[in-house]
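Q: The listed protein sequences derive, respectively, from chains A and B. Note that the working numbering gives residue 80 to position 80 of the first sequence, counting from 1, and the numbers run on in steps of one. Basically the working numbering = 1-based index in the second sequence + 1000. Just so you know, even glycine gets a beta-carbon here, dropped at the ideal spot from N, CA and C. Note that this is a predicted model, so its numbers are computed, not measured. Take this structure first; my questions come after.
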Amino acid sequence: MSKLFSKENKEVLSSPLNVNNPVAVQVLGICSALAVTSQLMPAIVMGLSVTVITAFSNVIISLIRNTIPNRIRIIVQLVVVAALVTIVSMLLKAFAYDVSVQLSVYVGLIITNCILMGRLEAFAMMNGPWESFLDGIGNGLGYAFVLVVVGAIREFLGNGSLLGFQIIPQSFYDMGYMNNGMMTMPAMALILLGCFIWAQRAALEKKENKK
Amino acid sequence: MNALRKYLDKIKPNFEEGGKLHAFRSVFDGFETFLFVPNATSKSGVNVHDAIDSKRIMSFVVIALMPALLFGMYNVGYQNYAAAGKLAEATFWEIFGYGFLAVLPKIIVSYVVGLGIEFIVAQWKNEEIHEGYLVTGMIVPLIVPVGAPLWVIAVACAFAVIFAKEIFGGTGMNIFNVALITRAFLFFAYPTVMSGDACWVATESICGLGYDLPDGFTMATPLGEAAVGAACTSSVCDQVIGLIPGSIGETSVIAIAIGAVILLWSGVASWKTMFSVFVGGIVMGLVFNQFGPENNAVAMMPWYQHLVVGGFCFGAVFMATDPVTSARTECGKYVYGFLIGAMAIIIRVLNPGYPEGMMLAILLMNLFAPLIDYFVVQSNIDKRAKRAIKK
């Protein structure tokens, strides 16, 4: 048991959340991060879907990695991811129909998410199933973390609500407060994402300088 | 003037290294160099100095903006009194005073927010204060409707200064015109206060001047009327003088023309850019008159009217000629200006969502200005290379 959570494995799980964040540091998966973050709920669902799919596709590919012929490995990876995406998409349609309508094509487009393919190529093809699982969870959560932060800011400033509940009271609006329409547009998501990357890199630099 | 110089010299030690107000040295420095031309010279190398530095250039632009500002104040008062039906009873000073009180807070907010951020950044990065905001801060109140709330202007100024200027490295490094980014942010973030027909006339009395208008009072701009296909309520003559609803400083062609003369006479703005913007607008206006859809009222607007309504003149004179964001090569200025004029009319006519195309046209061409410059420089290089090979 202690081996399962050895120091390296903890590192595998935690580094994508921070120093190796797939969105903020490697700048992957930007497209969907701009598209689904206009509200918090779809951002959370999208983040969780990607986490689950990355984790399990990592495990599956890692299990069969020695039997995959090197030439057609991308196709095999795609088949595995596509199968998982279809399952998640169907589950969403069955149990969270409204959100799946909001996410529309972006659930299907998880297949082409660079984070997934990147993890499969760079990690799952060379590591055991358990490490791959942790890596998938870590990267998925790192992606979800960025999505949730951006989604929360955009929904709060753009609609005055979080998860659909009105946060800014009516009295504010009576005094002349207005929702910021720009926040609901993808342009602002790009700017917020830029700010996020800026803040994170500044923080990392500070940490490194201290060392 | 001498007394001021003496006073500055007296308080100067406080701001130097070790002085008790050292934290505010950039603020002091900014004011000192604004009031007096610094006599410091560079220590190394050969440098050519113009007698006029960038703070003096900025001051010229601010002076050129004054006619538009003063007329805008009068017009704000005029629109309010006219809407209340009390125009005949009001004196000139009542009308102007009302407009003055309505516009002044916007100017103060714009300067306090924008310069505040500039001062903080200068202090933080240990640099001198950049002078660019002197002009931006004066333009911002002129290109918003009088109904725009102050806090909205403050948010937009902060956004524009941080994201359009400081991120790129401060004055002179920005890709986009900062004042226009302020307006674009307002336009997309708070469309209800920036467009439509409820924001163009001040509706509250201030300090006993002016009249409270009933809630929901609306008055459309000429472009707003044309966009919905309604007949124009103002004559072309009114539109030239500027007694029409619109953003504060953009309505009067005459006041802007005075500003244009000041800018051209002092050599601050390029006549090439200004001229070609108007040419672009006229050409595109004529094209739409000839070939435009019959049922589109904006397309059928005569070309001279296109030039006098909306922000066309203001944009051509004060925004397109911004030396930082416009094309820098002399040939490039013609292309840059022409495309701004043409794009402005195209957006006006073909996109019913944006009745005023000037803002978006200038921002779009800001983006392409370096590309235009590149091609001009490159064609010159090619030409000379060919000449060299022939021999």
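Would G29(A) pass as an interface residue toward chain B - the criterion being a Cβ-Cβ separation below 8 Å?
A: no
Q: Quick one: using the 10 Å Cβ neighbour count with 16 as the cut-off for buried, is N1380(B) buried or exposed?
A: exposed
Q: Counting only C-beta atoms, is Y968(B) closer than 8 Å to chain A at any point?
A: A question about residue 968(B) goes unanswered here, because the residues of chain B that appear run from 1001 up to 1391.
Q: Can you say whether W1200(B) is buried or exposed, counting buried as having 16 or more other CB atoms within 10 angstroms of its CB?
A: Around the C-beta of W1200(B), 16 or more other C-beta atoms lie within 10 Å, and the residue is accordingly described as buried.
Q: Going by beta carbon distance, what residues of the same chain come within less than 6 Å of I1143(B), once the five residues before and after it are set aside?
A: R1183, S1247
Q: Can you give me the C-alpha to C-alpha distance between L1364(B) and S1276(B), rounded to a whole angstrom?
A: 16 Å
Q: For S161(A), collect the residues of the same chain with a Cβ closer than 7 Å to its Cβ; drop the 5 residues on either side in sequence, then sort them by chain order.
A: E155, I167
Q: Kindly indicate if chain A contains any beta-carbon less than 8 Å away from that of F1185(B).
A: yes
Q: Would a check of beta-carbon distances place G176(A) closer than 8 Å to chain B?
A: yes
Q: Within the same chain, show all residues whose beta-carbon is closer than 7 Å to that of N113(A), passing over the 5 residues directly before and after it, in chain order.
A: G29, S32, V50
Q: Which of the three DSSP states is assigned to I1052(B) in this structure?
A: coil
Q: Report the residue from I1206(B), C1157(B), M1138(B) whose alpha carbon sits nearest the alpha carbon of F1185(B).
A: C1157(B)
Q: So the candidates are K1333(B), G1311(B), G1310(B); which of them puts its Cα closest to the Cα of T1321(B)?
A: K1333(B)
Q: Counting contacts by CB-CB distance shorter than 8 Å, is I191(A) in contact with chain B?
A: yes
Q: Hey, which unbroken runs of the alpha helix (DSSP H) at 4 residues or more fall wholly within the segment 119-176 of chain A?
A: Taking only runs of at least 4 residues, the alpha helix (DSSP H) segments lying wholly in the segment 119-176 of chain A are 129-159, 170-174.
Q: Buried or exposed for Y1336(B), please, with buried defined as at least 16 other CB atoms from any protein chain shown within 10 angstroms of its CB.
A: buried
Q: What residues from the segment 159-188 of chain A come within 7 Å of chain B, judged by C-beta to C-beta, listed N to C?
A: Correct list: G176, M178, N180, G181, M182, M185.
Q: Kindly indicate if chain A contains any beta-carbon less than 8 Å away from that of P1145(B).
A: Chain A contact via Cβ: absent.
Q: Any idea what DSSP makes of L78(A), helix, strand or coil?
A: helix
Q: Is T37(A) closer than 8 Å to A189(A) when the C-beta atoms are compared?
A: yes
Q: Under a Cβ-count criterion, where at least 16 other Cβ atoms within 10 Å of its own Cβ denotes burial, should F95(A) be classed as buried or exposed?
A: exposed
Q: Which residues in the same chain as E1128(B) place their Cβ atom closer than 8 Å to its Cβ, once the five residues preceding and following it in sequence are excluded?
A: S1026, D1029, G1030, T1033, A1122
Q: Take the Cβ of G128(A) as the centre, count every other Cβ of all protein chains shown within 10 Å, and call the residue buried at 16 or more, exposed below.
A: With a threshold of 16 other beta carbon atoms within 10 Å, G128(A) falls short and is exposed.
Q: Is the shortest distance between the beta-carbon of F1176(B) and the beta-carbons of chain A less than 8 Å?
A: no
Q: Would R1348(B) be called buried (16 or more neighbouring beta carbons within 10 Å of its own) or exposed?
A: buried
Q: Any idea what DSSP makes of L1209(B), helix, strand or coil?
A: strand
Q: Using a beta-carbon distance below 8 Å, is P1149(B) in contact with chain A?
A: yes
Q: Kindly indicate if chain A contains any beta-carbon less than 8 Å away from that of F1163(B).
A: yes
Q: Distance check for I1052(B) and A1260(B), CA to CA, integer angstroms please.
A: 19 Å
Q: Under 8 Å: do the segment 172-185 of chain A and the segment 82-100 of chain A share three or more Cβ pairs, one atom per stretch?
A: no
Q: I'd like to confirm something about N179(A): is its beta-carbon nearer than 7 Å to some heavy atom of the ligand NAP, or not?
A: Of ligands this structure carries none, so the ligand NAP is not represented either.
Q: Among the candidates V1240(B), P1323(B), C1237(B), M1194(B), whose CA atom is the shortest distance from the CA of G1353(B)?
A: If we check each option's Cα against that of G1353(B), M1194(B) comes out closest.
Q: Give me the residue from N18(A), S14(A), A124(A) with the minimum Cα distance to A202(A).
A: With distances taken between Cα atoms, A202(A) lies closest to N18(A).
Q: To which residues of the same chain is L157(A) closer than 6 Å at the C-beta, ignoring the five residues directly before and after it?
A: N180, M183
Q: Under 8 Å, do A1369(B) and S1326(B) count as touching if we go by C-beta distance?
A: yes
Q: Do A24(A) and V146(A) count as a contact pair if the criterion is CB distance below 8 Å?
A: A Cβ-Cβ contact shorter than 8 Å links V146(A) with A24(A).
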